[in-house]
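A short write-up of the structure that comes next.
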Amino acid sequence: MTKPSTRESQQGSLRESLQTPAARLSRLLAGSPPTHPILAEKVSASGRRLFTGHRAWLLAAAMPLLGVAAAFGIAPDTATSIAPLRTVVESIELPAPTALDDGQTFVREERVQRGDTVPAMLARLDIRDAAAIEFIRQDRAMRPLHQLAPGRAVRAQTGIDGTLNWLEYATGQGTVLRLARDDQQKLLASERPLDMERRIEMKSGEIRTSLFAATDAANLPDAVATQMAEMFSSEIDFHRDLRRGDTFTVVYEAFYHHGERVRIGRVVAAEFLNGRRVFQGVWFDTASGEGGYYTPGGLSLRRAFLRSPLEFSRVTSGFSHARFHPVLQEMRAHRGIDYGAPIGTPIKAVAHGTVDFAGRQGGYGNVVVLAHQNNVTTVYGHMSRFAAKVRKGVRVSQGEVIGYVGMTGLATGPHLHYEFRISGVHMDPLKVALPEALPITNALRPAFEATTAAYSEQLRVLRGSNLARLE
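Numbering of the sequence shown is given in our numbering, commencing with residue 114 and proceeding in unit increments.
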């Protein structure tokens with residue numbers, strides 16, 4: 114047997130390498146020996162039987178490779194047949210149209226959007242009733258509807274022609290305004306109490322600039338901030354004592370109607386961390402129906418006197434025996450505290466008392482003088498006006514509005530001049546020792562502990578979560 118030359122062996126190897134994997138595999142499956150000389154020497158009879166016995170298995174495994182080879186075997190310019198397009202038109206039987214019933218009605222609900230107007234709201238409700246639209250625009254009873262609050266719902270029932278049957282709007286004051294037609298098709302407006310669901314909500318926050326800024330950041334209503342300030346008013350001077358980093362937690366009531374919050378109720382528990390001082394308060398209704406805020410230990414937070422007659426303001430001039438008067442341009446004693454605040458800011462009585470004087474008096478301008486127990490007198494000057502019921506001899510309660518900030522008398526700007534006198538002697542309102550709070554009575558203590566235990570626990574849990582968030 115003549116051995117192939119070296120040149121012929123090289124050419125055979127080259128042809129073998131240029132063949133596609135699919136071609137080489139097909140040749141193996143067909144039983145053809147490899148063209149490569151080395152491979153030819155190694156293929157035995159048993160090897161051929163192995164290829165033959167597993168031919169089906171190898172064929173299945175080779176199908177993807179064969180498919181690839183076939184795909185690449187089609188030239189790009191090969192002509193292919195295009196399937197003809199044919200349009201088929203079929204008629205469909207539609208049901209006969211039926212006229213809408215004239216008595217058919219539709220109930221729609223829309224949410225008030227920012228910048229919304231009453232005409233826009235009525236249009237979205239598909240109200241095309243000229244008489245109803247005019248009634249809503251003109252009648253005094255419909256004024257609450259014109260105070261549209263974003264997010265609040267307006268519901269209405271109309272006929273197919275847009276005729277209004279009824280319209281309802283939750284006013285936010287615990288009532289629902291309803292406009293409807295009676296049996297004679299006359300439009301009548303009425304208000305009724307809402308069927309409300311009471312929920313307990315909890316929030317926490319941190320002071321960065323002011324209490325109201327902190328409650329806004331915590332998405333708390335202003336009513337909650339005001340109640341917190343009143344609760345701790347005898348312990349914290351919110352004009353001077355707030356510090357950046359102070360924290361608070363609060364538990365309060367919220368009332369819902371059809372899933373919509375319509376009113377904020379009472380703050381039932383709160384905690385305020387002012388520097389290193391911790392203040393807590395829980396609400397408790399006494400047997401006489403005169404509820405109040407107490408510490409968890411049962412000490413009343415309502416002292417005999419509030420620390421300040423204004424909720425939020427700033428001290429513009431302190432108590433002094435010698436101060437340069439900005440109007441008289443001379444040194445004089447300033448026997449009170451000046452609180453700067455905008456004109457019209459409500460002024461509250463710092464304690465229960467009787468109006469001893471209400472009127473105009475020299476440099477005080479419009480002034481109210483209240484007489485309290487134990488020969489204590491408080492003075493409120495430069496008012497813009499008095500509260501409606503304030504006159505000599507009338508009894509007022511602690512926290513009751515007695516007038517409004519102004520700049521009458523000797524004043525260079527709007528502020529409240531506040532004095533605190535004991536037996537006619539002027540005392541510094543910021544330094545005078547106020548009477549201690551009264552504790553809960555022994556008779557009420559079991560009821561107090563049973564009522565406030567849950568609120569105290571909520572404060573404890575919320576305090577822990579708040580501190581974890583801040584850290």
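Where a beta carbon is used, it is the ideal one built from N, C-alpha and C, also for glycine.
* Buried or exposed for I273, please, with buried defined as at least 16 other CB atoms from any protein chain shown within 10 angstroms of its CB. => exposed
* Under the three-state DSSP convention, the category I377 falls into -> In this structure, DSSP gives I377 an extended state, which the three-state scheme calls strand.
* **Cβ neighbours of P527 in the same chain (closer than 7 Å, five flanking residues each side left out)** => A454, P455, I456, V518, G519, M520
* Contact between the stretch 376–396 and the stretch 355–365 (3+ Cβ pairs under 8 Å) -> Contact between the stretch 376–396 and the stretch 355–365 is present, because at least three Cβ pairs lie under 8 Å.
* To do: Spatial neighbours of V468 within its chain, please: CB distance less than 7 Å, with the 5 preceding and 5 following residues excluded, ordered by chain position.
  => For V468, where only same-chain residues beyond five positions count, the Cβ hits under 7 Å are V481, L483, V503, R504, K505, G506, V507, V509.
* What number of angstroms, rounded off, separates the C-alpha of H371 from the C-alpha of G476? -> Whole-angstrom Cα-Cα distance: 55 Å.
* **Beta-carbon proximity check, I240 vs L280, cutoff 9 Å** => Yes, Cβ-Cβ distance for I240 and L280 is below 9 Å.
* In whole angstroms, what separates the C-alpha of P208 from that of Q251? -> One alpha carbon belongs to P208, the other to Q251, and they sit about 47 Å apart.
* Asked: Could you give the distance in angstroms between the alpha-carbon of S303 and the alpha-carbon of D398?
  -> Using only the alpha carbons, I get a separation of about 33 Å.
* Classify L290 as helix, strand or coil using the three-state DSSP reduction. => Three-state DSSP puts L290 in a strand.
* With burial defined as no fewer than 16 other Cβ atoms inside 10 Å of the residue's Cβ, what is the status of S317: buried or exposed? -> buried
* List the endpoints of the continuous alpha helix (DSSP H) containing F248. => Counting along the chain, the alpha helix (DSSP H) containing F248 begins and ends at 243–251.
* Touching or not, the stretch 406–414 and the stretch 527–538, by the rule of three or more beta carbon pairs under 8 Å? -> Result no; under three Cβ-Cβ pairs closer than 8 Å.
* Asked: Taking the alpha-carbon positions, what's the T564 to R237 distance?
  -> For T564 and R237, the distance between alpha carbons rounds to 47 Å.
* In this structure, does DSSP put Q571 in helix, strand or coil? -> Looking at Q571 - three-state DSSP - the assignment turns out to be helix.
* Leaving out five residues on either side along the sequence, give the residues of the same chain with a beta carbon under 6 Å from the beta carbon of V463. => F418, L419, P422, T491
* Based on the DSSP secondary-structure assignment, which residues constitute the bridge partners of R311? -> F368
* Asked: Does the distance from the CB of M344 to the CB of L575 come in under 9 Å?
  -> In this structure, the beta-carbon distance from M344 to L575 does not fall below 9 Å.
* Asked: Which residue or residues does DSSP assign as beta-bridge partners of I535?
  -> V489, V538
* Does the Cβ of K461 have 16 or more other Cβ atoms within 10 Å, making it buried, or fewer, making it exposed? -> When all chains shown are included, K461 counts as buried.
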